[in-house]
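Count along the sequence shown from 1, then add 596; that gives the number in the numbering used here.
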Amino acid sequence: MIRSIAVGLGARAYDVVVGQGLLDTAGERMSPFLKRRRTAVVSDETVWGLHGARLTAALQHAGIETHPVVVAPGEQAKSFDGLAALTDRLLALELDRGDVITAFGGGVVGDLAGFAAAIYKRGIDFVQIPTTLLAQVDSSVGGKTAIDTPRGKNLVGAFHQPRLVLADLGILATLPQREVRAGYAEVIKYGLLGDLAFFEWLEANGAAVLAREPAALTRAVSRSVEMKAQIVAEDETEQSRRALLNLGHTFGHALEAETGFGEALLHGEAVALGQALAFRFSAGQGLCSSQDAGRAAAAIAAAGLPTKLSQLPGPSSAQRLVRHMGQDKKAEAGKLTFILTRGLGDAFVARDVDPEAVRRFMITEGAQP
Ligand code: NAD
Ligand code: GLY
């Protein structure tokens with residue numbers, strides 16, 4: 597089954613198409629957006645090695661010339677150096693304003709290629725073909741693009757919406773199981789933040805999603821994209837409601853910073869643990885019941901994702917974690933912004949969280965002072 601979900605942004609509206617086998621139809625689906633029959637496809641070595649020939653053939657079938665720009669896999673590509681190398685390649689290809697960049701990979705490629713598209717010759721169109729579960733349910737939708745700096749993740753970027761997103765569920769067949777789990781952390785996020793019925797469906801069907809059973813995967817990805825599309829349409833630039841999508845992220849970013857943004861703790865794993873912490877912190881503040889916090893953590897743990905600091909490779913320092921949270925883009929005037937919750941499916945934005953309360957909470961969670 598193929599589903600098309602509209603992101604309703606007026607003149608910048610676009611469709612997120614979800615289904616099996618979409619890669620083979622990429623040429624026809626992208627054609628309406630191309631003024632010239634060519635596209636620069638930004639990908640990483642792993643994705644390009646596994647699926648590049650199929651995408652090239654699909655584009656060729658529609659008479660579209662493919663110019664691959666392949667970067668090394670991993671977060672390091674999302675850097676000023678990575679951006680400089682990429683834009684240089686695009687200039688060498690003589691891409692002009694009427695051309696389209698295709699981001700073919702996970703969230704790293706999507707964020708990097710999307711940001712390059714936002715600034716290349718003051719902005720050109722791009723299409724997202726996300727190849728990880730995380731990218732399909734989250735990063736390819738909504739137009740956030742960015743690179744990292746040594747001071748933190750995603751600190752330099754732009755809102756730049758794609759013209760089309762093609763989420764081919766079949767392409768997830770080659771994704772390592774750890775990456776599937778990491779993406780699932782963002783799927784469960786949608787249930788936890790605003791859809792109790794979806795959360796309950798995931799409690800019952802999470803194993804089928806993780807096993808990549810087509811029907812379960814279709815429902816999980818479609819519902820996630822629907823929720824994200826609706827939130828983005830209401831609040832494109834995160835003035836209010838879009839911040840709900842950051843459930844688990846303030847804790848998660850701090851944990852990623854503490855563990856060095858790498859293989860030790862993947863982004864999705866950090867978000868999983870961050871969500872369990874956000875629920876327990878909310879319960880500790882008397883905002884939600886500890887039963888709900890327990891149920892959220894149980895669903896995350898059932899997916900093989902971390903819910904406790906003790907599952908991290910090394911000890912954590914509460915003071916350092918809170919300092920990382922203070923550097924988060926969401927921090928304002930000595931207070932921290934968190935997405936807290938009144939219960940399953942009922943998250944809200946709390947803009948005045950006392951850093952000292954968070955530090956004490958992290959100690960109860962097992963962090964060193
Ligand atoms: P990623 O892009 O690094 O991909 C993970 C790994 O999977 C890579 O090694 C990649 O080569 C490999 N891979 C990708 N697709 C594959 C496939 N089909 N088969 C086999 N291997 C495959 O990581 P990610 O988790 O997709 O994305 C994380 C990034 O996304 C972070 O930089 C994060 O900041 C960003 N992000 C952005 C947003 C947003 O709204 N823009 C939202 C969430 C996350
Ligand atoms: N991943 C959070 C957002 O897109 O707003």
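For each residue, glycine too, the CB sits at the ideal point set by N, CA and C.
_Going by C-alpha to C-alpha distance, which of 819, 764, 787 sits closest to residue 618?_
When only C-alpha atoms are compared, the closest one is 764.
_According to DSSP, is residue 579 part of a helix, a strand, or is it coil?_
Nothing in the structure corresponds to residue 579, since the chain is present only between 597 and 965.
*Any heavy atom of the ligand NAD within a distance shorter than 7 angstroms of the CB on residue 849?*
Distances between the C-beta of residue 849 and the heavy atoms of the ligand NAD are all 7 angstroms or more.
_Going by DSSP in three states, residue 810 sits in which element: helix, strand or coil?_
In the structure shown, residue 810 adopts helical secondary structure according to DSSP, grouped into three states.
*asked:* Between which residues of its own chain and residue 820 is the CB-CB distance below 6 angstroms, once the five residues before and five after are set aside?
replied: Excluding residues within five positions, the ones whose Cβ falls inside 6 angstroms are 733, 783, 786.
*Specify the secondary structure class of residue 648 as computed by DSSP and reduced to three states.*
Residue state, collapsed to three classes: helix.
*Okay, do the segment 864-879 and the segment 945-965 touch, 3+ Cβ pairs below 8 angstroms being the bar?*
In the pairwise beta carbon analysis, the segment 864-879 is classified as touching the segment 945-965: at least three pairs are separated by under 8 angstroms.
*Any non-hydrogen atom of the ligand GLY closer than 7 angstroms to residue 738 Cβ*: Residue 738: yes, Cβ under 7 angstroms from the ligand GLY.
*Beta-carbon proximity list for residue 823, same chain, < 6 angstroms, skipping 5 on both sides*: Same-chain partners within the cutoff: 786.
*Looking at the structure shown, is residue 949 part of a helix, part of a strand, or coil, going by DSSP?*
Residue 949 falls in the strand class under three-state DSSP.
*Is it the case that the Cβ atoms of residue 627 and residue 602 are separated by a distance below 8 angstroms?*
No; because the gap between Cβ atoms is not below 8 angstroms, this pair is not in contact.
*Looking at C-beta atoms only, is the number of pairs between the segment 774-782 and the segment 855-874 that lie closer than 8 angstroms three or more?*
Enough Cβ pairs lie closer than 8 angstroms, so yes.
*How would you label residue 873, buried or exposed, when you count the other beta carbons within 10 angstroms and need 16 or more for buried?*
A residue is called buried once 16 or more other Cβ atoms fall within 10 Å of its Cβ, and residue 873 is buried on that count.
*Just to confirm, does residue 842 get its C-beta within under 7 angstroms of one of the non-hydrogen atoms of the ligand NAD?*
No, the beta carbon of residue 842 sits no closer than 7 angstroms to any heavy atom of the ligand NAD.
*May I ask you to check if the CB of residue 936 is nearer than 7 angstroms to at least one heavy atom of the ligand NAD?*
Outside the cutoff, so no.
*When you compare only the Cα positions, how much space is there between residue 623 and residue 833?*
Across the structure, residue 623 and residue 833 are spaced so that their CA atoms are roughly 30 angstroms apart.
*Taking residue 805 as the reference, which of 816, 911, 796 has the closest Cα?*
The residue among 816, 911, 796 with its C-alpha nearest the C-alpha of residue 805 is 816.
_DSSP bridge partner residues for residue 913 (one or two, in chain order)_ = Answer by DSSP bridge pairing, in chain order: 964.
_N- and C-terminal bounds of the alpha helix (DSSP H) containing residue 890_ = Start and end: 886-898.
*If you draw a straight line from the C-alpha of residue 723 to the C-alpha of residue 835, how long is it?*
Cα-Cα distance, rounded: 25 angstroms.
_Less than 7 angstroms separating the Cβ of residue 920 from some heavy atom of the ligand NAD?_
Incorrect: residue 920 has no Cβ contact closer than 7 angstroms to the ligand NAD.
*Separation of residue 750 from residue 852, as counted between CA atoms*: About 13 angstroms.
*CA-CA distance, residue 914 and residue 630?*
Residue 914 and residue 630 have their alpha carbons spaced roughly 51 angstroms apart.
_Please tell me whether, using a cut-off of 7 angstroms, the distance from the CB of residue 756 to the nearest non-hydrogen atom of the ligand NAD is below it._
False, no ligand heavy atom lies under 7 angstroms from that Cβ.
_Buried or exposed by the 16-neighbour rule on C-beta atoms within 10 Å, applied to residue 838_ = So residue 838 counts as buried.
*Just checking my contact of residue 743 with residue 711 at CB under 8 angstroms: how many whole Å lie between their CB atoms?*
The Cβ separation is near 6 angstroms, so the contact holds.
*Where residue 611 sits in the DSSP three-state scheme*: Assigned with DSSP and collapsed to three states, residue 611 falls in strand.
*Out of curiosity, what's the CA-to-CA distance linking residue 776 and residue 730?*
When rounded, the distance between both Cα atoms is 8 angstroms.
_Quick check: what's the CA-CA separation for residue 898 versus residue 690?_
Here the alpha carbon of residue 898 sits roughly 49 angstroms from the alpha carbon of residue 690.
*Out of curiosity, what's the CA-to-CA distance linking residue 597 and residue 814?*
About 8 angstroms.
*Around the Cβ of residue 746, are there at least 16 other Cβ atoms within 10 angstroms (buried) or fewer (exposed)?*
Its Cβ having fewer than 16 others within 10 Å, residue 746 is exposed.
*With 16 as the cutoff for other CB atoms within 10 Å, does residue 886 come out buried or exposed?*
Burial check for residue 886: the Cβ neighbour count within 10 Å stays below 16, so the residue is exposed.
*Return yes when at least one heavy atom of the ligand NAD lies under 7 angstroms from the C-beta of residue 617, else no.*
Residue 617 Cβ: outside cutoff for every heavy atom of the ligand NAD.
_Selection from 904, 931, 939, 936 that minimises the alpha carbon distance to residue 959_ = Closest by alpha carbon: 904.
_Distance between beta carbons of residue 895 and residue 799, contact taken as under 8 angstroms_ = Distance from residue 799 to residue 895 at the Cβ level is roughly 5 angstroms; contact confirmed, criterion being Cβ atoms closer than 8 angstroms.
*With a cut-off of 8 angstroms on the beta carbons, I'd call residue 700 and residue 643 a contact; round off their distance for me.*
Confirmed, about 6 angstroms.
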